[in-house]
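Its first residue numbered 1, the sequence shown is counted upward by one per residue in the UniProt record's numbering.
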Amino acid sequence: MIKSMTGYGRGEISENGFHVCVEIKTLNHRFLDVSLRLPKPLSALEEKLRLRIADSIKRGRVEINVSLETYGKSLDVLELNSDLLNQYLAILNTIKDKFALSGDIKVSDILSLSGVIEIKNVDIDVDNLWVTLDKALSIGIKNLIDMRVSEGIKLKDDIMNRLDILSNIIDKIEERGPIVVKEYKKKLEARIRELTGNDFDQNRFLTEVAVMADRTSIAEEITRFRSHISQFRDSLDSDMPIGKKLDFLTQEMNREANTIGSKSVDLDIVNGVIELKDQIEKIREQVQNIE
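Here's what the structure looks like:
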């Protein structure tokens with residue numbers, strides 16, 4: 001089952017006095033690129049989070065936001081830096097005495113002094129918190145994957161329809177090939193008769209037609225093009241990440257279409273190539289969003 005690279009998932013768990021919320025958003029990217037926003041108490045769990053994500057998501061930009069709340073206690077506590085305050089007071093008193101200044105030191109003055117009041121994180125049992133976080137993460141990942149699979153089904157349906165269109169176009173181009181040779185033979189013979197009458201070298205004439213047929217033959221390109229379509233269809237049923245493979249196949253189909261176009265001067269075939277390239281480009285745009 002193919003997956004889209006775009007999606008969103010959310011997971012929440014409340015237990016052991018904690019409420020953990022995990023939000024996961026994924027976007028198109030050539031490789032796996034994980035961006036994390038964690039509360040400071042969870043920073044030690046970053047590597048575990050990255051490994052869990054890498055187990056479930058193989059390609060795309062992944063943005064994860066984790067929020068943490070506690071019940072009955074705060075994650076932060078305020079502490080007085082007594083040593084620093086004593087130094088401040090000593091300096092202030094020295095200034096007052098030296099310059100004969102008046103006035104008392106107020107509490108508001110003390111609170112404005114840098115570093116006197118410090119915010120510190122409460123020690124948390126990270127191992128227990130990981131259990132809660134992992135549960136929320138699992139829910140978020142499941143919801144994300146469900147959305148990516150749903151979007152992947154839509155992408156597959158669209159691509160399959162366009163592969164059918166490509167098959168029909170390539171069939172018409174193939175049918176046109178022998179007709180082009182016959183038309184060339186007829187025009188060449190008429191031109192030669194016009195210039196020489198009925199007295200011309202039939203063997204040389206047939207050789208010229210054969211050379212033209214060989215030079216403009218697109219049989220190999222059509223065979224390879226059909227092979228790419230077949231590989232494309234088979235890949236769309238794979239459970240493995242296939243985005244890069246499909247991107248390669250679209251490049252190969254485009255290359256074959258260009259070769260077919262360069263070998264032909266027939267207007268119908270050239271128009272068919274234009275239609276091929278238009279559908280290939282639409283498929284390529286969809287493939288950019290497949291994991």
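Each residue gets a CB set at the ideal place from its N, CA and C atoms; glycine is no exception.
Look up residue i in the DSSP assignment and give the residues it is bridged to.
i	result
residue 33	61
residue 10	23
residue 290	4
residue 66	22
residue 15	18
May I ask which residues mark the beginning and end of the alpha helix (DSSP H) holding residue i?
i	result
residue 108	107 to 111
residue 222	219 to 235
residue 56	46 to 56
residue 239	Premise fails: residue 239 is in no alpha helix (DSSP H) and is neither H nor E.
Give the straight-line distance between the Cα atoms of residue i and residue j, rounded to the nearest whole angstrom.
i	j	result
residue 65	residue 116	32 Å
residue 132	residue 67	12 Å
residue 223	residue 20	56 Å
residue 238	residue 157	14 Å
residue 113	residue 38	29 Å
residue 98	residue 91	10 Å
residue 243	residue 288	7 Å
residue 227	residue 151	27 Å
residue 225	residue 6	29 Å
residue 128	residue 55	22 Å
residue 141	residue 9	6 Å
residue 104	residue 78	25 Å
residue 130	residue 109	42 Å
Along the chain, where does the beta strand (DSSP E) that runs through residue i open and close?
i	result
residue 27	18 to 27
Count the other CB atoms within 10 Å of the CB of residue i; is the residue buried (16 or more) or exposed (fewer)?
i	result
residue 29	exposed
residue 240	exposed
residue 313	Nothing about residue 313 can be reported from this structure: the residues present for the chain run from 1 to 291 only.
residue 285	exposed
residue 100	exposed
residue 160	exposed
residue 204	exposed
residue 179	exposed
Should residue i be listed as close to the ligand NAD, given that the test is whether its C-beta is under 7 Å from any heavy atom?
i	result
residue 95	The ligand NAD is absent from the structure shown, which contains no ligands of any kind.
- Query: Are three or more beta carbon pairs between the stretch 164 to 179 and the stretch 268 to 277 nearer than 8 Å?
  - Reply: Pairwise C-beta distances place the stretch 164 to 179 in contact with the stretch 268 to 277, as three or more of them are shorter than 8 Å.
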